[in-house]
Amino acid sequence: MSVNAQVYSTETDETREEAISAAQTALRAKKTIVIPTDTVYGIAADAFSPEAVAALLSAKGRSRKMPPPVLIFDEAVLPGLADDVSDDATALARKFWPGALTLILYSQPSLNWDLGDAQGTVALRVPNDPLTLNLLRQVGPLAVSSANKTGRIAATSAQEALEQLGEDVELIVDGGTRPISRGKHLDSADVLPSTIVDCTSDRLVVVREGAISLEELREVVPSIVSKAELEEQNNKSSLRSVDSAATTAPSQRGGSVAADLAQTRVEDNTAEESENHDAAGAAGSRGLGEGPRAAAPAAGTFNAGLVGSSSSPAVDQMRTKEAHRQEASKANGANKTKPVSVSEAHALVFSTADQDSAQQNLGGSVTES
1 MSVNAQVYST
11 ETDETREEAI
21 SAAQTALRAK
31 KTIVIPTDTV
41 YGIAADAFSP
51 EAVAALLSAK
61 GRSRKMPPPV
71 LIFDEAVLPG
81 LADDVSDDAT
91 ALARKFWPGA
101 LTLILYSQPS
111 LNWDLGDAQG
121 TVALRVPNDP
131 LTLNLLRQVG
141 PLAVSSANKT
151 GRIAATSAQE
161 ALEQLGEDVE
171 LIVDGGTRPI
181 SRGKHLDSAD
191 VLPSTIVDCT
201 SDRLVVVREG
211 AISLEELREV
221 VPSIVSKAEL
231 EEQNNKSSLR
241 SVDSAATTAP
251 SQRGGSVAAD
261 LAQTRVEDNT
271 AEESENHDAA
281 GAAGSRGLGE
291 GPRAAAPAAG
301 TFNAGLVGSS
311 SSPAVDQMRT
321 KEAHRQEASK
331 ANGANKTKPV
341 SVSEAHALVF
351 STADQDSAQQ
361 NLGGSVTES
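1 is the number of the first residue of the sequence shown in full-length UniProt numbering; add one for each residue after it.
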């Protein structure tokens, strides 16, 4: 294997300053680099450079369907990057940042960045690592994903990162073995990643439990649930709301559009869906009496832009929020107002004496509809 990346030591103040300077230069030139974090090593790129983010995804062997998280240097940056941040999300950030907690939030619509098919959301984290925080403070938000090829174990040392990504990145900052508190007995495969929480719906959902446990999160936000717990609750609710097996609707999945995206973010080995469908199989899946389906719009056309993912965070965010609204509407379908008969309506509006008077004025008794 040909190795092109230069490794920079950080053992002394002088070499650390040299490493930070080289990292800044590479990032501003839209290059990808490898940096140490508080969990594992990460491959980093300027979050506001679509070219650099594309290079990051290419180095990992990922598609745009798996957008990288963004590391920031302080909680104070949160309002500038995220929209509609709830009190619960803010409480988690204040408790666990800097630390191994990633929050999925709505992205500020005005931001000019392209992290992939993020559907108007962004995954943010403040790492608990002095070296990384120093770099973030100087260069701004970085798109960072674990330093490994998709499907392989994340690098916990500069050497491991070099072996996997030496041909794909400009340089590697050697900060020693990560996490810093890791004992010699702990294997790389046993290092826990950050915990990921979806904060884009009314109820916070843990889509990946990592270094911070669900119990620790509940000490701050008691209502937070795991994705599996929410799916179970929604399934039970759906079963109670149906009138008969014949009219049973598909149960709502736990979480939200963003939670599904979050699951995609954390599954390195997610298989890409095939775009070629067997015609006979597609026809056989249609219900009786169902008419022909419209063909998918041609790529690059106006109609394709309406139904496909957008490069505009504002458009994607509106779509995600609308999906939340529709999910909530379906979930609350059992609570919709039901029509009542004329006599029931009179009973609700008039007293007994008023009903007698009303019936006399109508010339007889009220007939139920």
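Positions of the beta carbon are idealized from the N, C-alpha and C atoms, including for glycine.
Would you give the residue range spanned by the beta strand (DSSP E) that residue i belongs to?
i: S145; result: L142 to S146
i: T195; result: T195 to D198
i: D87; result: Where D87 is concerned, there is no enclosing beta strand (DSSP E), although the alpha helix (DSSP H) it sits in stretches over D87 to F96.
i: R178; result: Taken as a continuous stretch (DSSP letters only), R178 belongs to no beta strand (DSSP E), as it is neither H nor E.
i: L101; result: L101 to S107
i: R208; result: V205 to R208
i: V7; result: Q6 to S9
With a threshold of 9 angstroms between beta carbons, is residue i in contact with chain C?
i: N112; result: Annotation note: the requested chain C is absent from the structure, which comprises a single protein chain.
Considering Cα atoms alone, identify which of the options is closest to residue i.
i: S86; options: N112, L131, V221 and A47; result: V221
i: G42; options: N235, L204, T25 and D129; result: D129
i: L136; options: A147, S157 and V77; result: V77
i: E51; options: M66, R62, T32 and V225; result: T32
i: M66; options: P109, T150 and T90; result: T150
i: L217; options: A155, D88 and R178; result: D88
i: L115; options: E167, T132, V144 and L92; result: V144
i: P141; options: T132, A147 and N148; result: T132
i: T177; options: A228, A161 and Q233; result: A161
i: A5; options: V173, K227 and P68; result: V173
i: T39; options: A228, V53, S157 and S226; result: S157
i: V191; options: Q159, S49 and I153; result: I153
i: V3; options: S223, V225, S226 and Q159; result: Q159
i: R125; options: A147, A155 and P68; result: P68
Please report the distance separating the alpha-carbon of residue i from that of residue j.
i: L101; j: L71; result: 11 angstroms
i: G210; j: G175; result: 22 angstroms
i: D202; j: L105; result: 12 angstroms
i: S237; j: C199; result: 22 angstroms
i: A29; j: V169; result: 12 angstroms
i: K60; j: W97; result: 26 angstroms
i: K95; j: T121; result: 22 angstroms
i: N134; j: L239; result: 52 angstroms
i: P127; j: V34; result: 15 angstroms
i: A82; j: E75; result: 11 angstroms
i: P193; j: T37; result: 11 angstroms
i: E231; j: A23; result: 43 angstroms
i: L214; j: A91; result: 15 angstroms
i: Q138; j: N234; result: 45 angstroms
i: L111; j: A45; result: 17 angstroms
i: G166; j: E11; result: 21 angstroms
i: Q108; j: D117; result: 15 angstroms
i: W113; j: A55; result: 14 angstroms
i: E18; j: T195; result: 32 angstroms
i: A47; j: E219; result: 32 angstroms
i: E163; j: Q119; result: 33 angstroms
i: S63; j: L57; result: 6 angstroms
i: A93; j: A123; result: 12 angstroms
i: S21; j: A228; result: 45 angstroms
i: I212; j: V53; result: 27 angstroms
i: S146; j: A155; result: 7 angstroms
Could you give the DSSP three-state label for residue i: helix, strand or coil?
i: residue 380; result: Look at the range of the chain in this structure, 1 to 369, and you will see that residue 380 is not part of it.
i: I72; result: coil
i: A23; result: helix
i: A154; result: coil
i: G80; result: helix
i: L171; result: strand
i: D46; result: strand
i: V221; result: coil
Could you spell out where the alpha helix (DSSP H) holding residue i opens and where it closes?
i: residue 421; result: Limits of the chain in this structure are 1 at one end and 369 at the other, which puts residue 421 out of reach.
i: S58; result: P50 to K60
i: T121; result: It is not in any alpha helix (DSSP H) - T121 instead sits in the beta strand (DSSP E) that spans T121 to R125.
i: V139; result: P130 to V139
Given residue i, which residues of its chain have a CB within under 8 angstroms of its CB, disregarding the five upstream and five downstream residues?
i: P79; result: V85
i: T15; result: Y8 and S9
i: S223; result: D88, R203 and L204
Apart from the five residues just before and just after residue i, which ones in its own chain have a Cβ nearer than 6 angstroms to its Cβ?
i: V197; result: L103, L204 and V206
i: G99; result: N128
i: I180; result: none
i: A249; result: With a pLDDT of only 45 at A249, under 50, the local geometry of the prediction cannot be trusted, and no value is derived from it.
i: F73; result: L133, L136 and R137
Sorted by chain position, which residues of the same chain lie with C-beta nearer than 7 angstroms to residue i's C-beta, five sequence neighbours on each side aside?
i: A26; result: I33, E170 and L171
i: S49; result: K30
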